[in-house]
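Undergrad: Can you read through this structure? Questions will come right after.
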Ligand SMILES: [Zn+2]
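In our numbering, the protein residues as written are 30 to 131.
Put into structure tokens, the structure is as follows:
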């Protein structure tokens, strides 16, 4: 998975193009992520005991990771995450631009 929870990303296509935000949730199996304040959808909610009237709530919907670009927390540039395997066999991500581990 190139993008993980709490990564900072920038949306590169669509309605939210250029918007930056934190990844709130990642869905590796479907290659989608939820990004804060991106891709709001309106959802009808049935009345519950807490909210007697129900109504419409807005929530973020997942978008495909091909629509976002990782922003490196070290150099602050839009980048690609590369993977490498360390001597102890653990896999780490590193920034293609500055080479720091992410
Ligand atoms: Zn970097």
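Don't be surprised by glycine CBs; every beta carbon is placed ideally from N, CA and C.
Comparing the CB of residue 113 with every heavy atom of ligand 1, is any distance shorter than 7 Å?
TA: no
Undergrad: Going by C-alpha to C-alpha distance, which of 92, 35, 77 and 50 sits closest to residue 59?
TA: 92
Undergrad: Could you please give me the residues that DSSP links to residue 38 through a beta bridge?
TA: Its beta-bridge partners are 50 and 99.
Undergrad: Based on DSSP bridge pairs, tell me the residues matched to residue 108.
TA: 99
Undergrad: Looking at the structure shown, is residue 66 part of a helix, part of a strand, or coil, going by DSSP?
TA: coil
Undergrad: Check residue 58 in the structure and name its three-state DSSP category.
TA: helix
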